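Encoded as structure tokens, the structure appears first; notes follow it.
And the structure:
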């Protein structure tokens, strides 16, 4: 499935103005309903409007087998039915562990949630906020986290901009991490072509900036706590209990700094 050409004039006729307006509208669509942006758009800019984002589930190509009990499309419908019926989290996870192949789980969960939340970014955010535990369950280890990212890429295969928007949301909800994203982009045959899209290096740069900022904050906090710790132990009037609490706080700050450095 090839990525469609960008909207607007043919590439040979595109100007810097065309590129700017198209990119701006892509970002607007990422923040609001496609229909809302299209409705408010001046007619002179209509040719630059990107097509409505449309994902592709793993079960999009319908066939007779899609209605069979073991088909992934049937499993997705069953999962969505449980979520809409507000089934208990433990019951949903128990069903997944019992009836769903672990290798199939990331695609099933990711494609189901993305398809249910495809109407707008706010819809997706609500689903991630409500069912973050479901994505966490499907991304139980490093390999599964990479499979989760691959599922995002395969769903939005024709819309690279939506891949980056979705990955940012997963990062925001702490459902993936920079290590998994960079690993997927650089090792996976499906991820590597995305390095040529406009959003890839922005996303990687954002993660590097966030990691650096996190390390600076953790370093300052650890240094400040070390000073308080030294002062507490130098004070002959401080009791054993207060010194023990100071030790715990210092160890907690050091652990946070170690976590930040690992990022």
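In this note's numbering, the protein residues as written are 386 to 648.
Even for Gly, the Cβ is constructed at its ideal location relative to N, Cα and C.
It should be emphasised that the depicted structure is a prediction, and the values quoted were computed from it without experimental measurement.
Cα-Cα separation, residue 567 to residue 580: Here residue 567 refers to the residue found at position 182 of the chain shown. Here residue 580 refers to the residue found at position 195 of the chain shown. The straight-line gap from Cα to Cα measures roughly 10 Å.
Residue 541, DSSP secondary structure in three states: Looking up residue 541 in the chain shown gives position 156. Coil, per DSSP.
Inter-residue spacing [alpha-carbon to alpha-carbon] between residue 445 and residue 536: Position 60 of the chain shown holds residue 445. Position 151 of the chain shown holds residue 536. Distance between the alpha carbons of residue 445 and residue 536: 14 Å.
Pair within 8 Å by beta-carbon distance, residue 541 and residue 548: To locate residue 541, count along the chain shown from 1; it is residue 156. To locate residue 548, count along the chain shown from 1; it is residue 163. Their beta carbons are under 8 Å apart, which means residue 541 touches residue 548 by this criterion.
Proximity below 8 Å, CB of residue 595 to CB of residue 585: In the chain shown, the residue the question calls residue 595 occupies position 210. In the chain shown, the residue the question calls residue 585 occupies position 200. In terms of Cβ geometry, residue 595 and residue 585 do not form a close pair [threshold 8 Å].
Buried versus exposed, by CB contacts within 10 Å (16 or more), residue 554: Position 169 of the chain shown, counted from the start, is the residue given in the question as residue 554. Under this definition residue 554 is a buried residue.
Neighbour-count burial assignment, residue 602, 16 or more Cβ in a 10 Å radius: As a first step, residue 602 is located in the chain shown; it is residue number 217 there, counting from the start. Counting Cβ neighbours within 10 Å, residue 602 comes out exposed, since fewer than 16 surround it.
Proximity below 8 Å, CB of residue 558 to CB of residue 526: Translated into positions along the chain shown, residue 558 becomes position 173. Translated into positions along the chain shown, residue 526 becomes position 141. The beta carbons of residue 558 and residue 526 sit no closer together than 8 Å.
Separation of residue 509 from residue 600, as counted between CA atoms: Counting from 1 along the chain shown, the entry for residue 600 is found at position 215. Counting from 1 along the chain shown, the entry for residue 509 is found at position 124. Each residue's alpha carbon lies about 30 Å from the other.
Among 405, 625, 633, 561, the one whose alpha carbon lies nearest that of residue 611: One-based indexing of the chain shown puts residue 611 at position 226. For the set 405, 625, 633, 561, the Cα lying nearest the Cα of residue 611 is the one of 633.
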